[in-house]
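Chemist: I am attaching a structure below and will ask some questions about it afterwards.
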Amino acid sequence: MNFTLDVLDWKPWIAAVPLEACSEAQLAVLDASNRSARQSQYYLTLVHDAPALLERSLLFNAVMYGTKGLSRAEREFATVVESRINGCPYCASVHARLFVQLAKDLPTMEGLLADGPAAPMPPRLRAIADYAAALTTTPPSATAAHIAALREVGLSDLEIADATHAVAMFAWANRLMQTLGEPFVPIATDAG
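Just so you know, we're using numbering that gives the first Met the number 0 here: the sequence shown kicks off at 0 and counts up by one.
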């Protein structure tokens, strides 16, 4: 599947918990996780282990929606770099759209999705992309030179830590998505 800004859906390879079969505890975890979790096959699959999903969601929300440090758009950008390298079109699609919405920078994201992290981009995003890519490789290849490049374009230590957390969080999120199911292009329906 190609990397795209189009909306993708995801289907599990193991049975998701039907919403009507969820316990009160599972419903509470879904509600604490994400406002659309009750409609998400991904969350309904992860709610098999509600305590683990709750911990995952608390961490995800803290990493991605923190109010200090790296901007939300740049967090989204770093996760797209990670998802592009790890081969997760679903995560890349979701977070690419969020980056474009927040940063109003469609050309950079189109280049990243088409050509990967080597695509042309502004210097600050280049430093973030290079760092995210170095963190994503196995074994990680990030060095002090990556940190120096981030500082050179104005990132603080808190912003660097935020980028690190976002990339690490998505290394895990990608693995969950890629081992428990697969993305697909939803069938368009005629609303008329």
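Backbone N, C-alpha and C define an ideal beta-carbon position, used for all residues, glycine too.
Return helix, strand or coil for W171, following the three-state DSSP convention.
Modeler: Of the three classes helix, strand and coil, the one that applies to W171 here is helix, per DSSP.
Chemist: Assess contact between the region 82 to 96 and the region 156 to 173, defined as three or more Cβ pairs (one per stretch) separated by less than 8 Å. Is contact present?
Modeler: Contact between the region 82 to 96 and the region 156 to 173 is present, because at least three Cβ pairs lie under 8 Å.
Chemist: Can you grab the Cα-Cα spacing for the pair A165 / F59, in whole Å?
Modeler: Spanning the two alpha carbons is a distance of roughly 8 Å.
Chemist: How would you write the range of the beta strand (DSSP E) that E181 sits in, first residue to last?
Modeler: Looking at the DSSP string, the run of the beta strand (DSSP E) that includes E181 is G180 to F183.
Chemist: Please list the segments of the beta strand (DSSP E) lying wholly inside the region 1 to 84, counting only runs of 3 or more residues, in order along the chain.
Modeler: With a minimum length of 3 residues, the continuous beta strand (DSSP E) runs that stay inside the region 1 to 84 are 8 to 11.
Chemist: If you reduce the DSSP assignment to three classes, tell me which class M108 lands in.
Modeler: Helix.
Chemist: Taking only runs that begin and end inside the region 115 to 181, name each unbroken alpha helix (DSSP H) of 4 or more residues, in chain order.
Modeler: Counting only runs of 4 or more, we get 122 to 135, 143 to 151 and 156 to 179.
Chemist: Looking only at its own chain, which residues have a Cβ that is under 6 Å from the Cβ of G180, when we skip the five neighbours before and after it?
Modeler: Result list for G180: W9, K10, P11 and W12, in chain order.
Chemist: In the structure shown, what three-state DSSP assignment does A187 receive?
Modeler: DSSP places A187 in coil when its eight states are reduced to three.
Chemist: Count Cβ pairs between the region 62 to 80 and the region 151 to 163 that sit closer than 8 Å; are there 3 or more?
Modeler: The region 62 to 80, when compared against the region 151 to 163, does touch it at the 8 Å Cβ threshold.
Chemist: Write down the C-beta distance between L69 and A91 rounded to the nearest angstrom, noting that I regard them as a contact closer than 8 Å.
Modeler: So it is not a contact: roughly 19 Å between Cβ atoms.
Chemist: Comparing alpha-carbon positions, which option in F2, A36, A133 and Q100 lies nearest R71?
Modeler: Considering only alpha carbons, the answer is Q100.
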